[in-house]
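*Asks:*
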Amino acid sequence: MASWTLTKHLLSINKEQFTRATQSKFLQCAASGNLSKSTISHWLANDRLYMQGYIRLTGELLRILQLPSKPTGSKYAGTTEIKLLDWLVDALVNIRREERFFMDVAERYDLDVDLTESDGFTVQETRKLEGLKRFEKLFGSLTTGGAKDSLLPWLEGVVLFFATEKVYFEAWSWAKRQAEEESASKAFDSDEDGGAMRKEFIPNWTNEEFIKFVDTLESLLNEGVQEVIGQDQNAKEQIVKRAEHTWRQLLDAEEAFWPNV
Numbered sequence: 071m072a073s074w075t076l077t078k079h080l081l082s083i084n085k086e087q088f089t090r091a092t093q094s095k096f097l098q099c100a101a102s103g104n105l106s107k108s109t110i111s112h113w114l115a116n117d118r119l120y121m122q123g124y125i126r127l128t129g130e131l132l133r134i135l136q137l138p139s140k141p142t143g144s145k146y147a148g149t150t151e152i153k154l155l156d157w158l159v160d161a162l163v164n165i166r167r168e169e170r171f172f173m174d175v176a177e178r179y180d181l182d183v184d185l186t187e188s189d190g191f192t193v194q195e196t197r198k199l200e201g202l203k204r205f206e207k208l209f210g211s212l213t214t215g216g217a218k219d220s221l222l223p224w225l226e227g228v229v230l231f232f233a234t235e236k237v238y239f240e241a242w243s244w245a246k247r248q249a250e251e252e253s254a255s256k257a258f259d260s261d262e263d264g265g266a267m268r269k270e271f272i273p274n275w276t277n278e279e280f281i282k283f284v285d286t287l288e289s290l291l292n293e294g295v296q297e298v299i300g301q302d303q304n305a306k307e308q309i310v311k312r313a314e315h316t317w318r319q320l321l322d323a324e325e326a327f328w329p330n331v
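Residues 71 to 331, numbered by this note's numbering, are exactly what the sequence shown covers, in order.
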């Protein structure tokens with residue numbers, strides 16, 4: 071029998087909602103080239119704002135990581151906290167590269183990803199997707215600088231990162247399969263968006279580097295949890311309860327992030 075891990079447990083619950091979050095009508099239309107530029111622009115603009123919360127949460131996790139006081143040479147480089155530190159640094163690099171990629175594609179395909187008012191800062195709540203509002207609330211609950219649980223203080227943040235990256239990869243992988251099945255012979259320039267989704271975004275969000283990035287965090291999350299719980303059933307129950315709460319909130323936000331089309 072396969073050994074228990076936290077991520078296997080999370081992926082075994084709320085399966086119907088996970089499917090809804092990864093197989094939306096929006097994704098289907100993206101795969102067939104039937105999304106208008108205005109719809110894609112609005113979604114991308116919201117996704118850029120989501121990135122800001124992602125960056126802030128990365129900073130919060132870097133702040134609360136309990137790094138070893140001993141020198142971090144080869145003898146100590148294998149600790150979960152050090153490996154999480156490396157992953158978070160990579161995450162910051164990746165999210166900044168992703169934003170630059172957004173802006174490059176938006177410029178080349180004439181997509182407007184700016185939701186701000188004339189002051190260049192304010193974004194009206196009515197212009198935000200419901201999913202973004204939920205993400206902002208969720209990110210905010212984890213970046214307030216308040217007291218953290220002494221048992222794996224980074225747990226909720228890492229569960230959120232694993233979950234959002236996992237959903238994103240599975241969602242666009244599903245879209246890629248739909249594109250391959252339904253529109254393989256369709257020219258990119260015949261798409262409503264000129265090929266932005268099928269030619270640029272879908273390949274970018276389904277590459278091998280991305281899944282390795284997600285798999286690395288999944289391994290670190292499971293490793294850190296196992297180190298703490300050992301054979302302690304009470305600790306396991308506490309961690310599972312906290313993780314499930316974050317998982318459900320994340321799925322609520324992800325499902326609501328896809329626009330109605």
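Don't be surprised by glycine CBs; every beta carbon is placed ideally from N, CA and C.
Do K107 and E262 have their C-beta atoms closer together than 8 Å?
*Replies:* Yes, Cβ-Cβ distance for K107 and E262 is below 8 Å.
*Asks:* For D184, collect the residues of the same chain with a Cβ closer than 8 Å to its Cβ; drop the 5 residues on either side in sequence, then sort them by chain order.
*Replies:* If we look at D184 and ignore the five residues flanking it on each side, its Cβ neighbours are A115.
*Asks:* Going by CA-CA distance only, name the one from V229, F271, Q303 and R312 that's closest to Y124.
*Replies:* The option with the nearest alpha carbon to Y124 is V229.
*Asks:* Rounded to whole angstroms, how far is the Cβ of A100 from the Cβ of G201, which I believe are closer than 8 Å?
*Replies:* Contact doesn't hold; Cβ gap of about 16 Å is too wide.
*Asks:* In whole angstroms, what is the alpha-carbon distance linking D189 and F327?
*Replies:* Computed Cα separation, rounded: 26 Å.
*Asks:* Taking C-alpha atoms, which residue in I309, N104, E314 and L320 lies nearest to L221?
*Replies:* Among I309, N104, E314 and L320, the Cα nearest to that of L221 is on I309.
*Asks:* Roughly how many angstroms separate the alpha carbons of R268 and K236, rounded to a whole number?
*Replies:* Answer to the nearest angstrom: the Cα atoms are 20 Å apart.
*Asks:* Going straight from the alpha carbon of L137 to that of L290, what length do you get?
*Replies:* The straight-line gap from Cα to Cα measures roughly 15 Å.
*Asks:* For L76 and N292, which I take to be in contact (beta-carbon distance under 8 Å), what is that distance rounded to the nearest angstrom?
*Replies:* With 8 Å as the limit, L76 and N292 qualify as a contact, their Cβ atoms being about 6 Å apart.
*Asks:* For F191, which option in Q122, E314, W113 and R318 has the closest C-alpha, if you only look at C-alpha atoms?
*Replies:* Nearest of Q122, E314, W113 and R318 to F191, Cα basis: Q122.
*Asks:* Taking only three categories from DSSP, how would you classify K203?
*Replies:* K203 falls in the helix class under three-state DSSP.
*Asks:* Just mark W74 as buried or exposed, buried being the case when its beta carbon has 16 or more other beta carbons within 10 Å.
*Replies:* Exposed is the call here.
*Asks:* Tell me whether K198 is buried or exposed, calling it buried when 16 or more other Cβ atoms sit within 10 Å of its Cβ.
*Replies:* Buried, since its Cβ has 16 or more Cβ neighbours within 10 Å.
*Asks:* In the DSSP assignment, the alpha helix (DSSP H) including W317 goes from what residue to what residue?
*Replies:* Segment Q303 to F327, the alpha helix (DSSP H) holding W317.
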